[in-house]
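**Q** Please see the structure below; I have some questions.
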Amino acid sequence: MLRGSHAKARASSLPLDTPFFRTTKASGESWEGAMGRDTKDPAICLAKGMLKGFNCLNDMYFWKFSKFFNDTLFSKQLSFKQVETMKRVLESLNLNIVEMVDENATLDGGDVLFTGREFFVGLSRRTNQRGAEILADTFKDYAVSTVPVHDSLHLKSFCSMAGPNLIAIGSSEAAQKALKTMQQMSDHRYDKLTVPDDPAANCIYLNIPSKGHVLLHRAPEEYPESAKVFEKLKDHMLIPIANTELEKVDGSLTCCSVLINKTSEL
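114 is the number that UniProt numbering gives to position 114 of the sequence shown; each next residue is one higher, with no gaps.
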């Protein structure tokens, strides 16, 4: 939820069906110069046309200040324009909206891992205990366990769900320590997919009736050894995604996506 790009990257007012984002700033380059270049990274932030009629906003790569669980939007009001834009669109889809108004609570969507059975909430520089408590109060039907995060921006910097019962996890000491904590806190035993590179452990799993198991993961040219691990998932449709530019401003694949469990057209 709490999300502000440290690099203050800006998106220009592009139509949402434009198949690219503006690139991030190179070392020693002015932002004005950077804004004149394009990147080949795909625009996977929002479904095409989802925000039709709304202007693009600063930092629109990242919508992690709001997060969906069971058709519920859980949001922290960081930017009035961003929150109001999201609310208007999602209200039109008849989704529930819960706003976190406690000024002492911080909760970054990148610290919230929902497995389908329970929540794991990373306690990091961007998420505190009070934020985790509010999440637990909101979703009382699910167990909520906190996981200390060290040496990483947030929990999903090194893990994500790669399938219905499958946790993708990085190989670093911080990632493995967090995995051990999750295993100790949970009554359920998850399968794990260990990849050599922590950033590659952040992937997007989709269960699409017409396609089956679909997994968006980092491209082989970025993390070749991790891509080889994903290729072992023979029952998944694998879609490699280049994310080099957005990674420069802390953008993981899950940072750039809003998944909505709806069949209606957006």
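Every residue, glycine too, gets a C-beta built ideally from N, C-alpha and C.
Contact defined as beta carbons within less than 8 angstroms: I believe V214 pairs with M182. What is the distance between those atoms, to the nearest angstrom?
**A** Here the question's residue 214 lines up with position 214 in the sequence shown. Here the question's residue 182 lines up with position 182 in the sequence shown. About 24 angstroms separates the two Cβ atoms, so there is no contact after all.
**Q** What's the gap between the Cα of residue 274 and the Cα of Y142?
**A** Residue coverage of the chain in this structure runs from 1 to 266, which leaves residue 274 outside it and unanswerable.
**Q** Tell me which residue opens and which closes the beta strand (DSSP E) that F119 is part of.
**A** The sequence position of residue 119 within the sequence shown is 119, counting from 1. Segment E118 to L123, the beta strand (DSSP E) holding F119.
**Q** Is it right to say Q82 is buried, meaning 16 or more other beta carbons lie within 10 angstroms of its own, or is it exposed?
**A** To locate residue 82, count along the sequence shown from 1; it is residue 82. Buried: at least 16 other Cβ atoms inside 10 Å.
**Q** On a Cα-Cα basis, can you pick out the residue from E231, L123 and D108 that is closest to P220?
**A** Sequence index remark: in the sequence shown, residue 220 carries index 220 (1-based). Ranking the options by Cα distance to P220, first place goes to E231.
**Q** In the DSSP assignment, find the unbroken alpha helix (DSSP H) run with V229 in it and report its ends.
**A** Residue 229 sits at position 229 when you count from the first residue of the sequence shown. Residue range P224 to F230 is occupied by the alpha helix (DSSP H) that includes V229.
**Q** Tell me, which residues are paired with T127 by DSSP?
**A** Position 127 of the sequence shown, counted from the start, is the residue given in the question as residue 127. The partner list for T127 (beta bridge, DSSP) reads S124.
**Q** Just curious, the beta strand (DSSP E) that L216 is in, first and last residue?
**A** Here residue 216 is taken as the residue at index 216 of the sequence shown, counted from 1. L216 -> beta strand (DSSP E) spans G212 to R218.
**Q** Taking 8 angstroms as the limit between beta carbons, can you name the residues of its chain near L123, skipping five residues before and five after?
**A** Here the question's residue 123 lines up with position 123 in the sequence shown. Hits under 8 angstroms: D111, Q129, A132, T146, V147, P148 and V149.
**Q** Bridge partners of D191, per DSSP?
**A** In the sequence shown, counting from the first residue as 1, residue 191 sits at position 191. DSSP lists L166 as partners of D191.
**Q** Start and end of the beta strand (DSSP E) containing A178?
**A** Reading the sequence shown from its first residue, position 178 is the one you call residue 178. Where A178 is concerned, there is no enclosing beta strand (DSSP E), although the alpha helix (DSSP H) it sits in stretches over E173 to M185.
**Q** Pull the bridge partners of A201 from the DSSP assignment, please.
**A** In the sequence shown, residue 201 corresponds to position 201, counting from 1. Note: A201 sits in no beta bridge, so no partner.
**Q** Using CA coordinates, which residue listed in N165, E225, M161 and K177 is at the minimum distance from L253?
**A** Taking the sequence shown and counting its residues from 1, one reaches residue 253 at position 253. Comparing Cα-Cα distances from L253 to each of N165, E225, M161 and K177, the minimum goes to M161.
**Q** Return the Cβ separation of L155 and A178 in integer angstroms, given the expectation that the two are a contact with Cβ distance under 8 angstroms.
**A** For the purposes of this step, residue 155 is identified with residue 155 of the sequence shown, where counting begins at 1. For the purposes of this step, residue 178 is identified with residue 178 of the sequence shown, where counting begins at 1. At roughly 7 angstroms, the Cβ-Cβ gap stays under 8 angstroms, so L155 and A178 are in contact.
**Q** Comparing alpha-carbon positions, which option in A200, L107, E103 and F158 lies nearest A242?
**A** Along the sequence shown, one-based indexing puts residue 242 at 242. If we check each option's Cα against that of A242, A200 comes out closest.
**Q** Starting from T254, follow the alpha helix (DSSP H) in both directions and report where the run begins and ends.
**A** Looking up residue 254 in the sequence shown gives position 254. For T254, no alpha helix (DSSP H) run applies, since DSSP gives it neither H nor E.
**Q** Is it right to say N202 is buried, meaning 16 or more other beta carbons lie within 10 angstroms of its own, or is it exposed?
**A** Residue numbering aside, residue 202 sits at position 202 when the sequence shown is read from its first letter. So N202 counts as buried.
**Q** What residues in its chain sit with their C-beta under 8 angstroms from that of L153, if we drop five residues either side in the sequence?
**A** The count along the sequence shown starts at 1 and reaches residue 153 at position 153. So the list reads G110, S124, R125, R126 and D250, once near-sequence residues are dropped.
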